[in-house]
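Right, one structure below, let's go through it.
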Amino acid sequence: MDTPIEIIDYEPRYENWYLFIENRGFAGFDSPWTQSSTVEAYPSDILKTFLARMENMIVGLASLTEWLSFRPQNNNTENGAIELNSIGVLPEYRSRGVGSRLLEAVKQWSQEQGYRRIYAFLMGDVRWDLHRFYRRAGYELIEQWLELKDAQGRTTDIRIEDYWHNPGYLKQKIIDRGYIYCLHLTRSEH
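My numbering puts the first residue of the sequence shown at 44, with every later residue one more than the last.
Spelled out as structure tokens, the structure:
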């Protein structure tokens with residue numbers, strides 16, 4: 044019999060669980076960002092966090108923040124959009140429906156709050172099953188980019204679709220990759 048997954052709201056009493064999952068739930072991701080960061084406190088910019096509880100322990104989380112666009116012309120904000128800032132499940136609880144239940148809670152809450160889109164980032168050489176995970180949940184890949192380092196050590200981010208025709212970029216060292224997925228909440232669900 045499957046152990047039930049309970050989705051609960053974050054409360055300060057769960058901060059140690061939050062930190063444990065943030066720091067262990069992302070183990071194995073190959074990105075300079077994940078390798079060099081350790082979360083030491085519950086971030087103040089989080090709008091909402093859902094926790095997944097199984098077997099009397101917290102096994103996963105999903106946090107939402109205000110969506111900040113990287114496009115200067117957008118004034119760094121987009122009305123009606125929110126970012127799935129973090130979603131993580133302890134390795135021994137993966138492939139048991141925990142992440143899917145967290146995404147369901149995120150979607151429902153976001154719709155109730157009037158958001159029209161949820162954006163999610165994937166950074167680095169993440170596990171490719173995460174791309175499949177987002178697509179199965181209805182998210183679409185809307186942008187890809189590379190972080191490159193040239194011979195002088197300067198880094199630059201380029202959108203793949205803008206520069207694929209420029210072979211000069213292929214001579215630079217790729218130091219990270221990024222992907223943006225989007226779930227449109229205003230679409231009718233079939």
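We put the CB at the ideal spot given by N, CA and C, even for glycine. Note that the coordinates shown come from a computational prediction; the quantities given were computed from them, not determined experimentally.
Would a C-beta distance cut-off of 8 Å place residue i and residue j closer than the cut-off?
i	j	result
R159	A124	yes
Y85	L165	no
A105	L62	no
A64	A148	First, the residue type needs correcting, since residue 64 is Ile and not Ala in the sequence shown. Not a contact, by the Cβ cut-off of 8 Å.
I130	L228	no
Between which two residues does the beta strand (DSSP E) carrying residue i extend?
i	result
R160	R160 to M166
N128	A124 to V132
G103	M100 to E109
L90	I89 to M97
D172	Run containing D172: none in the beta strand (DSSP E); it sits in the alpha helix (DSSP H), W171 to R179.
Q49	Looking at the sequence provided, one finds Glu at residue 49 rather than Gln. Residues E49 to D52.
With a 10 Å radius around its C-beta and 16 neighbouring C-beta atoms as the bar for buried, classify residue i as buried or exposed.
i	result
M97	buried
I101	buried
W171	exposed
T92	buried
E126	buried
N59	exposed
Looking at the unbroken alpha helix (DSSP H) that takes in residue i, where does it start and where does it end?
i	result
I64	E58 to R67
E147	V141 to E155
So if DSSP puts residue i in a beta bridge, which residue, or which two residues, is it bridged to?
i	result
L226	I161
E183	C225
When the Cα atoms are used, what is the spatial distance from residue i to residue j?
i	j	result
G103	Y136	8 Å
L90	W152	11 Å
A95	Q195	46 Å
S87	Q156	20 Å
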